[in-house]
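Asker: Take the position in the sequence shown, starting the count at 1, then add 26; the result is the number in our numbering.
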Amino acid sequence: MPSSVDIQTLLAMVPAIFFKGYKDWSVDFFDNKVEELTGYAAREFNERTKKWCDLIVAEDMESVRARFMEALKSDGLCVRDYRIRSKPGDTLWIQERNRIVLYEKNKVTSVFGFFFDITEFKHMQLELAVKNEELRIINLHLEEEVHKGLQAFLQSECRYRMLFENTKDLILLADANWCISKINPSALRHLGYATEDEIIGRPLAHLFPDSVKYNDYKQRLLQHALVEDWETQFTKKDGSVLDVAISADAMLCGKTVIGLNVVAREMKEWRNIMEHMLQTEKLATIGQLAAGIAHEINTPLTVILAHAQILQDDFDPESRVFKSLKTIEQQTHICRRIGWDLLEFTRQMPNVYMLCDINQLIDDVTKIMDHPLGIDRIQIIRSFSPNLPEIWGDVEKLKRVYINALNNAHDAIGTDGAILITTCWDEKKRMVKTVVADSGCGIPSEIGQRIFQPFFTTKETSKGTGLGLSITQSILQEHGGTIEVQSPIAEELKALMEQHVRTPLGPGAAFTVRLRPSGLVH
27 MPSSVDIQTL
37 LAMVPAIFFK
47 GYKDWSVDFF
57 DNKVEELTGY
67 AAREFNERTK
77 KWCDLIVAED
87 MESVRARFME
97 ALKSDGLCVR
107 DYRIRSKPGD
117 TLWIQERNRI
127 VLYEKNKVTS
137 VFGFFFDITE
147 FKHMQLELAV
157 KNEELRIINL
167 HLEEEVHKGL
177 QAFLQSECRY
187 RMLFENTKDL
197 ILLADANWCI
207 SKINPSALRH
217 LGYATEDEII
227 GRPLAHLFPD
237 SVKYNDYKQR
247 LLQHALVEDW
257 ETQFTKKDGS
267 VLDVAISADA
277 MLCGKTVIGL
287 NVVAREMKEW
297 RNIMEHMLQT
307 EKLATIGQLA
317 AGIAHEINTP
327 LTVILAHAQI
337 LQDDFDPESR
347 VFKSLKTIEQ
357 QTHICRRIGW
367 DLLEFTRQMP
377 NVYMLCDINQ
387 LIDDVTKIMD
397 HPLGIDRIQI
407 IRSFSPNLPE
417 IWGDVEKLKR
427 VYINALNNAH
437 DAIGTDGAIL
447 ITTCWDEKKR
457 MVKTVVADSG
467 CGIPSEIGQR
477 IFQPFFTTKE
487 TSKGTGLGLS
497 ITQSILQEHG
507 GTIEVQSPIA
517 EELKALMEQH
527 VRTPLGPGAA
537 FTVRLRPSGL
547 VH
């Protein structure tokens with residue numbers, strides 16, 4: 027049998043505190059290691075001045091009891107982790123391992139076991155949990171960044187593919203051997219090939235009818251890794267040639283070419299664009315010249331008009347001379363209108379800006395137009411929203427916009443019909459919106475985009491110059507506004523007209539004008 031000294035020596039070597047516990051939470055200790063842990067001497071517990079439950083943190087007591095009851099119902103082995111308060115006030119983590127001792131009728135007599143200080147382990151466990159959470163968050167962030175990067179890459183790849191597939195330019199990729207590795211649909215179409223397989227893998231030199239030019243092109247790329255707008259020719263599948271301008275860059279690894287990107291533009295299309303630009307410049311020059319001429323002839327026309335009107339007073343209205351003078355007056359009016367149209371088209375007229383009420387402005391215009399429209403039995407229907415924001419603009423020029431719109435509507439209707447004018451606030455676009463809709467013949471879809479072009483008209487020569495809508499658009503652009511056309515008109519506009527007129531209505535056309543209120547003009 028080991029002696030008590032042997033037992034004490036053995037207990038001292040064990041890195042734990044041996045104890046015997048009782049139902050009332052009193053404990054017996056067999057060495058002083060408990061004082062090193064808790065600050066309380068072993069005799070304080072052995073003499074029953076201190077119980078073990080006095081040290082257990084209150085929040086942990088319920089789980090401590092529950093674990094004991096679980097052990098009691100099983101094999102009597104109880105392992106439980108909980109916190110205690112030391113004498114200095116520190117919170118320590120304890121792991122208790124004990125064996126429950128029972129006597130007859132399964133009543134608890136005592137427990138034998140060990141207390142282990144696991145404070146450092148718990149702190150490490152907590153730190154590990156924190157680190158794991160930080161790592162989890164970092165991983166989530168990395169996953170998000172990878173996902174974003176992947177999405178950006180896919181979007182970029184999609185944009186590149188759309189550009190590659192849909193551009194009108196010819197795009198070819200070549201490998202390190204200067205053989206074609208990829209070709210876009212535009213290049214296939216221009217070169218006359220049905221599928222990629224017909225040309226993929228062929229040397230790039232196959233496209234050049236002039237070997238000297240190809241070698242020159244190759245040397246330029248090798249020396250500078252870039253060629254821009256170099257005019258040459260490509261050989262098509264049928265043997266004919268295509269005039270192109272090439273831009274190409276070489277992908278280099280050191281001084282070795284590992285790939286080529288070639289973009290070519292058909293020169294015929296490019297030359298057409300340049301010719302169109304030259305034609306536009308010519309038109310602008312002619313417009314300025316016409317404006318100068320119009321300005322110069324307006325004064326003599328005014329004199330001719332005045333004299334023709336004065337002379338009419340001297341002759342009988344039924345006389346031949348009176349009718350000739352009337353013809354001179356009418357034709358002079360036409361000449362003056364053409365002159366003013368040319369001046370306004372070239373923006374020679376000065377702007378006089380002021381605050382204006384759009385409802386009042388349109389009302390003034392309709393009063394002017396009521397008589398000529400009434401003669402042809404054309405009714406003007408007004409639907410104005412009250413309290414619209416004021417417009418900062420040139421009143422006379424804006425009146426011209428609506429006079430042009432009403433004149434166009436008059437010409438489209440001829441006789442017997444209606445013109446609907448509405449005003450409202452367009453909340454979505456934050457603009458004052460007006461609509462001038464007519465019950466006329468409508469605008470064919472094939473010319474809908476051309477009606478704003480200068481000098482385009484479907485009217486007889488005596489009825490228009492083709493500048494009205496172009497001038498209207500220019501005036502609105504000066505005011506930061508827009509104009510759109512719709513034909514046939516919307517059903518709600520047609521229904522509103524039908525409430526006021528009984529005559530049959532044509533498909534009609536609606537011009538929508540939007541103008542910025544004074545506070546939003548830039």
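By construction, the Cβ of each residue, glycine as well, lies at the ideal position given by its N, Cα and C atoms.
Give every residue of the same chain whose Cβ lies closer than 6 Å to the Cβ of Y66, excluding the five residues on either side of it in the sequence, and list them in chain order.
Answerer: Result list for Y66: K76, K113, in chain order.
Asker: State the DSSP-derived secondary structure class of V83, mapped to helix, strand or coil.
Answerer: Coil at V83, not helix or strand.
Asker: Can you find the residues in the same chain that come closer than 7 Å, C-beta to C-beta, to G466, ignoring five residues on each side of it along the sequence?
Answerer: If we look at G466 and ignore the five residues flanking it on each side, its Cβ neighbours are A435, A438, I439, G443, G532, G534, A535.
Asker: Helix, strand or coil: how does DSSP classify I273 here?
Answerer: Before going further, note that residue 273 is Ser rather than Ile in the sequence given. Residue state, collapsed to three classes: strand.
Asker: Strictly by DSSP, which residues pair up with C558?
Answerer: Examination of residue 558 is not possible in this model, given that the chain is present from 27 through 548 alone.
Asker: Going by DSSP in three states, T392 sits in which element: helix, strand or coil?
Answerer: T392: helix per DSSP, three-state reduction.
Asker: Starting from K133, follow the alpha helix (DSSP H) in both directions and report where the run begins and ends.
Answerer: Careful: K133 lies outside any alpha helix (DSSP H), inside the beta strand (DSSP E) at 133–143.
Asker: Can you tell me the Cα-Cα spacing of S425 and I394, whole angstroms?
Answerer: Here residue 425 turns out to be Lys, not Ser, going by the sequence shown. Taking the straight line from one Cα to the other gives about 10 Å.
Asker: Please state whether DSSP places R106 in a helix, a strand or coil.
Answerer: It is a strand residue.
Asker: Mapping DSSP to helix, strand and coil, what is Q245?
Answerer: DSSP places Q245 in helix when its eight states are reduced to three.
Asker: For a quick check, are the C-beta atoms of Q405 and I469 less than 9 Å apart?
Answerer: Their beta carbons are not under 9 Å apart, which means Q405 does not touch I469 by this criterion.
Asker: Counting only the same chain and skipping the five closest in sequence on each side, list residues whose C-beta sits under 7 Å from that of I23.
Answerer: Outside the displayed range of the chain (27 to 548) lies residue 23, so it cannot be described from this structure.
Asker: Does the count of Cβ pairs from the segment 249–257 and the segment 266–274 closer than 8 Å reach three?
Answerer: These segments touch.
Asker: Taking buried to mean at least 16 other C-beta atoms within 10 Å of its own C-beta, is N124 buried or exposed?
Answerer: It counts as buried.
Asker: With respect to the alpha helix (DSSP H) encompassing R426, which residues constitute its N-terminal and C-terminal limits?
Answerer: Its alpha helix (DSSP H) spans residues 421–439.
Asker: Would you call I43 buried or exposed, if buried means 16 or more other Cβ atoms sit within 10 Å of its Cβ?
Answerer: Classification of I43: buried, given that the 10 Å Cβ count is 16 or more.
Asker: Helix, strand or coil: how does DSSP classify K208 here?
Answerer: Here K208 sits in strand by DSSP.
Asker: Does the beta-carbon of E378 have 16 or more other beta-carbons within 10 angstroms, so that it is buried, or is it exposed?
Answerer: Reading the sequence as shown, one finds Val at residue 378 and not Glu. The residue in question, V378, is exposed, as its Cβ has fewer than 16 Cβ neighbours within 10 Å.
Asker: Spatial neighbours of Y428 within its chain, please: CB distance less than 6 Å, with the 5 preceding and 5 following residues excluded, ordered by chain position.
Answerer: Within the same chain, Y428 has close Cβ partners I388, V391.
Asker: Would DSSP call D342 helix, strand or coil?
Answerer: Note: D342 maps to coil in three-state DSSP.
Asker: Residue range of the alpha helix (DSSP H) that N72 falls in?
Answerer: Here the alpha helix (DSSP H) through N72 covers 68–72.
Asker: Rounded to a whole number of angstroms, what is the C-alpha to C-alpha distance between E61 and K49?
Answerer: One C-alpha to the other measures close to 22 Å.
Asker: From S237 to A231, what does the alpha carbon distance come to, in whole angstroms?
Answerer: S237 and A231: Cα-Cα distance of roughly 7 Å.
Asker: What's the call for F260, buried or exposed, on a 16-neighbour Cβ count within 10 Å?
Answerer: So F260 counts as buried.
Asker: Since V267 contacts P235 with CB under 8 Å, what's their CB separation in whole angstroms?
Answerer: About 6 Å; that satisfies the 8 Å criterion.
Asker: From N433 to S471, what does the alpha carbon distance come to, in whole angstroms?
Answerer: So the two alpha carbons sit approximately 21 Å from each other.
Asker: If contacts are defined as beta-carbon pairs under 8 Å, then P415 and S544 qualify, I think. What distance do you get, rounded to the angstrom?
Answerer: At roughly 7 Å, the Cβ-Cβ gap stays under 8 Å, so P415 and S544 are in contact.
Asker: Around the Cβ of R291, are there at least 16 other Cβ atoms within 10 angstroms (buried) or fewer (exposed)?
Answerer: Buried: at least 16 other Cβ atoms inside 10 Å.
Asker: Just to confirm the assignment, what range does the alpha helix (DSSP H) spanning A521 have?
Answerer: A521 -> alpha helix (DSSP H) spans 517–524.
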